[in-house]
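See below for the structure under consideration.
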Amino acid sequence: MSVVDLMSMAKPNLEARGKVLTKLHGREMVNCFQCMKCTSGCTALKLLELKPHEIIKLVNLGFVDELPTSNIIWTCVTCLKCVERCPQKASPYHVIMALRNLAVEKEAKMPEHYLKAVSHILETGLTDTPEKIVTRKLQTVDRDSLKLPKIKPPMESFQSALMKAMEEK
Amino acid sequence: MGVDVVDLRESVCCGAPIKSVNDFAANYLGARVIALAGLTGLENLLVPCNRCHFTISESRNIMKSDPRISGKIKDLLREEGLQYSEIKIWHTIDFLHDCIGIEQIKKAVTKPLTGIKVATHVGCQIIRYSDLERVDNAENPRKLDELICALGAEIVDYEEKLDCCGYSLILSHPDSALSLTGSKLKAVQKLPVDSLVVSCPGCQTMFDSKQKDAETTVGAKFSTPVIYYTQLLGLALNIDGNRLGLNMNQSPVDQLSAKIASNQNISRHPSGT
Amino acid sequence: MVRGFFIVTKIGVYVCHCGLNIAGVVDVERIAEYAENLPDVAVSRHCTYMCSESGQRMVQDDIKSLGIDRIVIAACSPKMHEDTFRRAVSETGLNPYLIEIVNLREHVSWVHTHEPEKATEKAEELVRMGVARVRLSEPLKSRRVKVEKSVLIVGGGIAGIQSSLDLANAGFKVYLVEKSPSIGGRMSQLDKTFPTLDCSACILTPKMVDVAKHRNIMLLTNAEVMEVKGFVGNYEVSILKKPRYVDAKKCVGCELCTRVCPVKVPDEFNENLSEKRAISIYSPHAVPKIAMINPNYCLRLKYNKGVCAKCQNACEAIAINFEQKPEVNQVKVGAIILAVGSEVFNGSKMAELGYGRFKNVISNIEFERISDASGPTDGKIVTPKDHKMPKTIVFIQCVGSRDKRFHEYCCRVGCMVTLKQAILAREKIEGNVRIYVCYVDLRAFGKGYDEFYRRARDMDIDFIAGIPSEIHGSPDGSLYFDVYDKGTNKLLQITADLVVLGTGLVPNRDMGQLSALVHASRSADGFFLEAHPKLKPLESAMSGVFLAGACQGPKDIPDTVAQASGAAAKVIDLLSNGEIELEPLKAVVNKDLCSGCNICGSICPFAAIEIHLEKAEEGVKYRAEVIEAMCQGCGLCCPACPSGAIKMPQFTTSQVLSQVEAALAEPIVKGGK
Chain A
1 MSVVDLMSMA KPNLEARGKV LTKLHGREMV NCFQCMKCTS GCTALKLLEL
51 KPHEIIKLVN LGFVDELPTS NIIWTCVTCL KCVERCPQKA SPYHVIMALR
101 NLAVEKEAKM PEHYLKAVSH ILETGLTDTP EKIVTRKLQT VDRDSLKLPK
151 IKPPMESFQS ALMKAMEEK
Chain B
1001 MGVDVVDLRE SVCCGAPIKS VNDFAANYLG ARVIALAGLT GLENLLVPCN
1051 RCHFTISESR NIMKSDPRIS GKIKDLLREE GLQYSEIKIW HTIDFLHDCI
1101 GIEQIKKAVT KPLTGIKVAT HVGCQIIRYS DLERVDNAEN PRKLDELICA
1151 LGAEIVDYEE KLDCCGYSLI LSHPDSALSL TGSKLKAVQK LPVDSLVVSC
1201 PGCQTMFDSK QKDAETTVGA KFSTPVIYYT QLLGLALNID GNRLGLNMNQ
1251 SPVDQLSAKI ASNQNISRHP SGT
Chain C
2001 MVRGFFIVTK IGVYVCHCGL NIAGVVDVER IAEYAENLPD VAVSRHCTYM
2051 CSESGQRMVQ DDIKSLGIDR IVIAACSPKM HEDTFRRAVS ETGLNPYLIE
2101 IVNLREHVSW VHTHEPEKAT EKAEELVRMG VARVRLSEPL KSRRVKVEKS
2151 VLIVGGGIAG IQSSLDLANA GFKVYLVEKS PSIGGRMSQL DKTFPTLDCS
2201 ACILTPKMVD VAKHRNIMLL TNAEVMEVKG FVGNYEVSIL KKPRYVDAKK
2251 CVGCELCTRV CPVKVPDEFN ENLSEKRAIS IYSPHAVPKI AMINPNYCLR
2301 LKYNKGVCAK CQNACEAIAI NFEQKPEVNQ VKVGAIILAV GSEVFNGSKM
2351 AELGYGRFKN VISNIEFERI SDASGPTDGK IVTPKDHKMP KTIVFIQCVG
2401 SRDKRFHEYC CRVGCMVTLK QAILAREKIE GNVRIYVCYV DLRAFGKGYD
2451 EFYRRARDMD IDFIAGIPSE IHGSPDGSLY FDVYDKGTNK LLQITADLVV
2501 LGTGLVPNRD MGQLSALVHA SRSADGFFLE AHPKLKPLES AMSGVFLAGA
2551 CQGPKDIPDT VAQASGAAAK VIDLLSNGEI ELEPLKAVVN KDLCSGCNIC
2601 GSICPFAAIE IHLEKAEEGV KYRAEVIEAM CQGCGLCCPA CPSGAIKMPQ
2651 FTTSQVLSQV EAALAEPIVK GGK
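Just so you know, the sequences run in chain order A, B and C.
Under the numbering used here, the residue at position 164 of the first sequence is numbered 164, and the numbers go up by one with no gaps.
Under the numbering used here, the residue at position 187 of the second sequence is numbered 1187, and the numbers go up by one with no gaps.
Under the numbering used here, the residue at position 36 of the third sequence is numbered 2036, and the numbers go up by one with no gaps.
As structure tokens, this is what we get:
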């Protein structure tokens, strides 16, 4: 490899870049010409400093390794403005989601609620259990008191199928 | 309005929260919902939540365009005896606007919401991204607005209309999420409106349930009633507030109900729009 | 030479090294040796450069001394040197159509560079096939047809004007057809031109006047081409002259009529930024300077009653004629130049930028009209909403171009137009106006262009490397948006009084119609397709149809003028002899076998086959006839014909089948020379 980032001494990892590309359903990520439109309109930029153009450029040049372990990929609000407006359909959102998937594969540090959601879905089919709430008039209300139908949980075969699905890379 | 709604065999996640963990698994869950819908033998699937609608639409798209992935997903479905088949996917908004139609809704209205002005927040994931057949136009969504006008109310447009509510970040970055919510509420508060109307449970959570939390985050006071379009529709159809779940909204919706009621007392015209 | 079962010919095979282009991959000596043993091959040679003088002489000498009467040249693509060798062969008196070019370069050495052994085997096969085909070739005679020494030029912008003048000065009759009531086109809408900042009207109007005065140019404005029949050298064109409702011979252009007309109409020339009247002169420097009534707005013409007629009453030249009818002119021309220009991208398609929603977001062509002294604001750069002087102007590049959602190509002129407009804004607006250009890549590629870019930077015009995602408006008419600048890594919030979108050039809306009229194809981007992107940029694949200006692809004025003069030169080249030679590789109908079913005619993409009623032995019968000048030799008709009545010389069934047999055969060892 004849390229080194002198600030971090990182080298491009083309294999990891290839992994990201296989997770995407197209090669448009490589068409990005850094027009800055995605970052200019990014909902998460002002508060969380997410720069979609930078993420795409880092991946394109092969500097993938630093990203799944970073915090920045978890700041995307999924507003999809970058997908809608990119003139080259490079879709930073999908690249960020692919990096998140990579982070999970590498067991990197990530917001815990995602994995909690997964285990809950495996058990009950839903991300969370329906709770009691207190209304603004200070009444307590839940599904039973509202006479809502009981939630039908999924069949057992669901668990094994979902676990298999989670194995796919 | 002549629509029968049939529940699916199971209540199960569409896969939206899993997209960040394993996109394939999320697509599988979305396809599974479609397969469950197929069991009913009906042609139309109604998905009232923006995020679910987006996730299920992306699943459908992958099933159509990627034979390798759709093959694997179909195998998994077969393990449960499920089959994947095409179905029409609707959201509440385009179902009401395109399938039922504005004229039908106008006819059904018995208590027109005269004098009521609202701002709309249609959300992100049902208007974007355009390549994935969405519910409305990405830069100028008008269906929700038209649905509201059909009830006799007025719309007030504002520049921040297409801004995101921040729901995706509420668990991992609550301050940022509430900051986004608060900014938008600040903008809506400046408008001469009686309510903010939403169409997604995620957005509802932020603007309604967490309105007080947003106050703290951005240092402002809010008193904006936030309700679902379906609740507003119900009010125009003279359905009792409690049946519409208005007792469970956390934002000050009573002032909206009160205004609607008093406006109707003032206007003593015979019914008819 | 005896024909029939036993075909006796003397074939010469010549294998070219093409320097190392072919010889570097293919074993050319082995090919020459191999060819020697093919049936009927009398001589087989190889040479470093066959196309050189010595290479050609080699062939000529063999023809003269050895009686070679069929030739195979195994070298580069026929598109390169087929003509060269045809000429060399005709010089010896041998028919030039007895040559076969076998492509060992583009088809072998250039595509199989890394497999020399297999490449050489393929070369052997191809030469074997070439020999099999050329053995059955018949001499062909090209025909000469007379041509009209006149030209139709569609489009009266700078491209059409330049071509017209070049051709008219060369002695050709020119019919210049322009859709709008005046010539001048896009260039007449410009204030100044880059990079010299010449006043556009000042350099254009003299040429417009020259066109109007030239005795060889028949100027047809407010006119459109309706139908084109015929073939290269002999086109018959119908031109529709739409009525002006004003007598062109009487109108003096005094504009008294305009002053009294009560009907206001959006001014198209001013990009609808101002209004004019239902009767008006099209543009400030119109040529011809003759009024025209817009029948969609004129009260009398629209409602068909005896109303108004104020213009008629005011006209001292008695030029108004409400009864004027459309006229159809039929003309005969030898060639056609398409010079219809382009349109500007409709910014409202990029809804996030607010064009159409906010009055102070304008396109670059609208800015041009505002800046022009003869425009809607008398040359004062003011905001459209409230006509105030802007304190901050922002230009945004690549609107509608380089975008997979709209047009993928780069519009080529957007960057230079913006630089020009930014400089004009700096020069014309007093005080310290902040001027920003939000760009993706700043392309200043031409002569003097990068110097012009430096000039802009010298004038305190700020360049932001990044474009905004969305533009918002305030009630006071100002615009605000965020943009991320790559250079400083800052997210800037900009409040501007005026936003100018660098909207790109897009194909004209009637390109499809025009394309069908003259059978000129279009490329994927919608512009007219040139015959070869590198070597034939001035002509369409359709003979006799030439291309000039932005209709072939977006371009600036210098390139347009160059292309226009080039197209004119091509036309002169084509028509100056008074006749042209038609290549004889045209379909030929065997009248005895033809039943007139017209399957061939219905398939022909060039409309080159006509069915005629002809005298036959048994009375009259329908027969197909190939219009040789239109036939492009594609061969589609031949396999379609159910009775094998139509054939393509050099691609006859027996020739093609002999090639197939040769391709599949084992290498033949010749028995006896």
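The beta-carbon is built from N, C-alpha and C at its ideal position, and this holds for glycine as well.
- For the stretch 1125 to 1159 of chain B, the residues whose beta carbon sits under 7 Å from a beta carbon of chain A are, in order, GLN1125, ARG1128, TYR1129, SER1130, ALA1138.
- ASN2103 of chain C carries a strand assignment under DSSP once its states are collapsed to helix, strand and coil.
- Straight across, the Cα-Cα distance linking ILE2183 of chain C with ASP1131 of chain B is about 42 Å.
- Spatial neighbours of VAL2340 of chain C in its own chain (CB-CB distance under 7 Å, excluding positions within 5 residues in sequence) are listed in chain order as VAL2154, GLY2155, ASN2508, LEU2514, CYS2551.
- DSSP places ASN2329 of chain C inside the beta strand (DSSP E), whose first and last residues are 2327 to 2333.
- By the neighbour-count definition (other C-beta atoms within 10 Å, threshold 16), LYS2555 of chain C is a buried residue.
- Residues LYS2192 of the same chain have their beta carbon placed closer than 7 Å to that of ASP2198 of chain C, with the five preceding and five following residues left out of the count.
- Segment contact: the stretch 2070 to 2078 of chain C against the stretch 2095 to 2106 of chain C, three or more CB-CB distances shorter than 8 Å; contact assigned.
- In this chain, the alpha helix (DSSP H) harbouring SER1059 of chain B covers 1050 to 1065.
- Counting only runs of at least 3 residues, the stretch 1162 to 1227 of chain B fully encloses the following beta strand (DSSP E) elements, listed from N- to C-terminal order: 1195 to 1198.
- Ranked by Cα distance from MET1063 of chain B, the first of B:THR1040, B:ARG1243, B:LEU1045, B:ALA1035 is B:ALA1035.
- For the stretch 2347 to 2360 of chain C, the set of residues with a beta-carbon nearer than 7 Å to any beta-carbon of chain B comprises ALA2351, GLU2352, in chain order.
- Within chain B, no C-beta atom comes less than 7 Å from the C-beta of GLY2601 of chain C; the nearest is roughly 42 Å away.
- A Cβ of chain B is located within less than 8 Å of the beta carbon of GLY2473 of chain C.
- In this structure, DSSP gives THR2495 of chain C an extended state, which the three-state scheme calls strand.
- Residue-level contact check: PRO87 of chain A touches chain C, since one or more beta carbons of chain C fall below 8 Å from its beta carbon.
- Contact annotation: the stretch 2110 to 2130 of chain C does not touch the stretch 2082 to 2097 of chain C, with fewer than three C-beta pairs closer than 8 Å.
- At least one CB atom of chain B sits nearer than 8 Å to the CB of VAL141 of chain A.
- Residues of chain A with a Cβ closer than 7 Å to the Cβ of SER2363 of chain C do not exist; the shortest Cβ-Cβ separation is about 18 Å.
- Under a 10 Å Cβ-count criterion, ASN101 of chain A is classified as buried, with 16 or more other Cβ atoms of the shown protein chains found around its own Cβ.
- C-alpha of GLU2366 of chain C to C-alpha of THR78 of chain A: approximately 37 Å in a straight line.
- When the alpha-carbon of VAL2433 of chain C is set against those of C:ALA2422, C:VAL2660, C:GLY2157, C:ARG2443, the nearest one is in C:ALA2422.
- Per DSSP, GLY1234 of chain B is one residue of the alpha helix (DSSP H) stretching across 1229 to 1236.
- With fewer than 16 other Cβ atoms inside 10 Å of its own Cβ, PHE2445 of chain C counts as exposed.
- Taking 8 Å as the cut-off, the Cβ atoms of LYS1019 of chain B and MET29 of chain A do not count as close.
- Nearest CB-CB separation between ASP1066 of chain B and chain A: below the 8 Å threshold.
- The C-alpha of LYS2647 of chain C is placed about 29 Å away from the C-alpha of ALA2035 of chain C.
- Secondary structure of ASP2061 of chain C (DSSP, three-state): helix.
- The C-beta of MET29 of chain A comes no closer than 8 Å to any C-beta of chain C.
- Straight-line measurement puts the Cα of PRO1112 of chain B at about 42 Å from the Cα of ALA1026 of chain B.
- The beta carbon of LEU2136 of chain C does not come within 8 Å of any beta carbon belonging to chain A, so the residue lies off that interface.
- With a 10 Å radius around the Cβ and a threshold of 16 neighbouring Cβ atoms, ILE1056 of chain B comes out buried.
- Check the Cα spacing between LEU2038 of chain C and each of C:HIS2017, C:GLY2012, C:ALA2524, C:THR2048: the tightest is with C:GLY2012.
- Here LYS1143 of chain B is actually not in contact with GLU1160 of chain B; their C-beta atoms are around 19 Å apart, not less than 8 Å.
- Annotation: the continuous beta strand (DSSP E) that includes LYS2173 of chain C extends over 2173 to 2177.
- Taken atom to atom, the span from the alpha-carbon of ALA2042 of chain C to that of MET2630 of chain C is near 38 Å.
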